[in-house]
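Counting from 1, position 3 in the sequence shown corresponds to residue -15 in my numbering; the numbering is continuous, with no gaps. Worksheet: the structure to be examined is printed underneath.
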Amino acid sequence: MTRIYFDNAATTPVDPQVVESMVPFLQTYFGNPSSIYSYGRETRVAIENARKSVAQLLGAKPGEIIFTSCGTESDNMALWSAIEDLGCRHIITSPIEHHAVLHTVQALAKQRQLAVEFLRVLPDGHIDLTDLERALESATERCLVSLMHANNEIGNLLDIEAVGALCEKYNAIFHSDTVQTVGHYPLALSETTIHFATGAAHKFHGPKGIGMLYIDHKVSVSPFIHGGGQERNMRAGTENVSGIVGFAKALELATSNLPQDQAHIQSLKDYLAAQLQTQIPGVQFNGDWNGASLYTLLNVSFPRTPQSEMLLMGLDMQGICASAGSACSSGANQGSHVINALPNGNKGVPIRFSFSKFNTKEEVDHLLVKLKQLL
Ligand code: PLP
């Protein structure tokens, strides 16, 4: 059975050109980048070239980019650094953040006895920025604001300029989880007032196990993982050389084809939304789906029936892969914390369809046929 993959917000297939760029660094150029002889020098150069390329593509300086093992590690480092090194004693975040942020915030709050404030979510899934200003204004200690650029379940995009301006006004540290936007939107990080931003190559056709953290050069933090002096003394551990090379290559490809890929993927999202509205009575879309939203995903609530409760499983049996929410919580069967946080958001059965450049309109048509059969 041919399978159809509509869960690209969870992870994406690696682009063959990315694999090609990585293979020499698994075989020919295998040296430890910390070694001083030629094998080491070759891999050191590859890492620094990758860093320069990533920095340039994200509108940052090479010294502001650290390679990590994943988006989760980057989020952890950003949040711990803001508390441990930058004097933040009050955390302002939202109930719809990824667990990489929410669970880290919980751990920090417990271990460091910090106050955490969760901002109000509006019915369309956006964060109430008047609530953010109220929280910043009333805080008595330095704040860390952690708000994601794009929500991985409903797709809502944050106005990072507006949030950054508020953080600047109240001297707060601003962390934004940009895992769903790096490789999907042009970013110019140095031009923003973001202090920490995060990325993961596997979300844009790069390999798993390689992430990055942007740290604004205006802030100075200590390592999160201690050991050797790798990553300019900021993140110890022998570097994932092929992963770093793959990260840079994936970002280069994503950026150079962005307008074409974006137009294609947006057309799939729009087509699915329009067809669902005409073909399946009672469907609703979660979040600001046709406004400030990722072009890569559509979160659909199907009217709750015995058939729709089994829909994900039924689609899987037909070879169609979609998800109920974040991959990290699938299987937990507690419903989505994001949908549950939306006012009136949890009435139907939510399913997230997320697309990549490899999906086609024919696949969407096939999905529609199967959805009608299963419902
Ligand atoms: N943040 C967001 C918004 C995500 O979608 C993900 C991935 O699911 C992560 C963080 C975690 O990234 P990783 O899987 O690379 O640890």
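Idealized CB from N, CA, C, for every residue including glycine.
Secondary structure of residue i, DSSP reduced to three states
i        : result
Ile48    : strand
Ile155   : strand
Thr160   : coil
Asp110   : coil
Ser312   : The predicted position of Ser312 is uncertain, since its pLDDT is 45 and thus under 50; a value taken from the coordinates is nonetheless stated next. Looking at Ser312 - three-state DSSP - the assignment turns out to be coil, as it is neither helix nor strand.
Thr180   : strand
Pro6     : helix
Leu357   : coil
Pro263   : coil
Phe229   : helix
Ala132   : strand
Val(-4)  : coil
Arg334   : strand
Val27    : helix
Ala97    : strand
Leu140   : coil
Tyr21    : helix
Val203   : coil
Gly193   : strand
Asp(-11) : strand
Leu169   : coil
Leu126   : strand
Any non-hydrogen atom of the ligand PLP closer than 6 Å to residue i Cβ
i      : result
Asp159 : yes
Leu112 : Residue identity differs from the one stated: residue 112 is Thr in this sequence, not Leu. Not under cutoff, so the answer is no.
Ala182 : yes
Thr54  : yes
Gln88  : no
Gly193 : yes
Ala134 : The sequence shown places Asn at residue 134, not Ala. The answer is yes for Asn134.
Ala82  : yes
Gln38  : no
Gln266 : no
Gln162 : yes
Residue-chain proximity (residue i, chain D), Cβ-Cβ < 7 Å
i     : result
Ile29 : Among the chains in the structure shown there is no chain D, since it carries only a single protein chain.
Original post:
Between the stretch 334 to 351 and the stretch 106 to 120, do three or more beta carbon pairs fall short of 8 Å?
Top reply: Under the three-pair Cβ rule at 8 Å, the stretch 334 to 351 does not count as touching the stretch 106 to 120.
**OP:** Let me know the alpha helix (DSSP H) ranges lying completely inside the stretch 53 to 81, each 4 residues or longer, listed in chain order.
**Re:** DSSP runs (the alpha helix (DSSP H)) wholly in the stretch 53 to 81: 53 to 66.
**OP:** Decide yes or no for the touch test of the stretch 183 to 201 against the stretch 54 to 68: beta carbon pairs closer than 8 Å, at least 3 of them.
**Re:** Cβ pair count under 8 Å is three or more, so yes.
**OP:** Return the chain-ordered ranges of every alpha helix (DSSP H) run that is complete within the stretch 275 to 306 and spans a minimum of 4 residues.
**Re:** Runs of the alpha helix (DSSP H) lying entirely within the stretch 275 to 306 and spanning at least 4 residues, in chain order: 288 to 291, 293 to 299.
**OP:** May I ask you to verify whether the stretch 200 to 208 touches the stretch 7 to 26, counting CB pairs closer than 8 Å and requiring at least 3?
**Re:** Between the stretch 200 to 208 and the stretch 7 to 26 there are fewer than three inter-stretch CB-CB distances shorter than 8 Å, so the stretches are not counted as touching.
Subject >> Inter-stretch contact (C-beta, 8 Å, three-pair minimum) for the stretch -12 to -5 and the stretch 209 to 222 >> reply: The stretch -12 to -5 vs the stretch 209 to 222: no contact.
Original post:
Is there contact between the stretch 228 to 245 and the stretch 297 to 306, where contact requires at least three CB pairs shorter than 8 Å?
Top reply: Contact fails: fewer than three Cβ-Cβ distances are below 8 Å.
**OP:** Decide if the stretch 135 to 143 is in contact with the stretch 82 to 102; the criterion is three or more beta carbon pairs, one per stretch, under 8 Å apart.
**Re:** Cβ pair count under 8 Å is below three, so no.
Original post:
Are at least three pairs of beta-carbons, each pair with one atom in the stretch 66 to 74 and one in the stretch 94 to 107, less than 8 Å apart?
Top reply: Contact holds: three or more Cβ-Cβ distances are below 8 Å.
Original post:
Quick one: any contact between the stretch 288 to 295 and the stretch 29 to 45, if contact means 3 or more CB pairs under 8 Å?
Top reply: Judged by pairs of C-beta atoms under 8 Å, the stretch 288 to 295 does not touch the stretch 29 to 45, as fewer than three such pairs exist.
Subject >> Inter-stretch contact at 8 Å, needing at least 3 Cβ pairs: the stretch 244 to 253 / the stretch 264 to 283 >> reply: Between the stretch 244 to 253 and the stretch 264 to 283, the count of C-beta pairs closer than 8 Å reaches three or more; the two stretches touch.
Original post:
Is the number of C-beta pairs between the stretch 252 to 270 and the stretch 317 to 336 that are closer than 8 Å three or more?
Top reply: Contact annotation: the stretch 252 to 270 touches the stretch 317 to 336, with at least three C-beta pairs closer than 8 Å.
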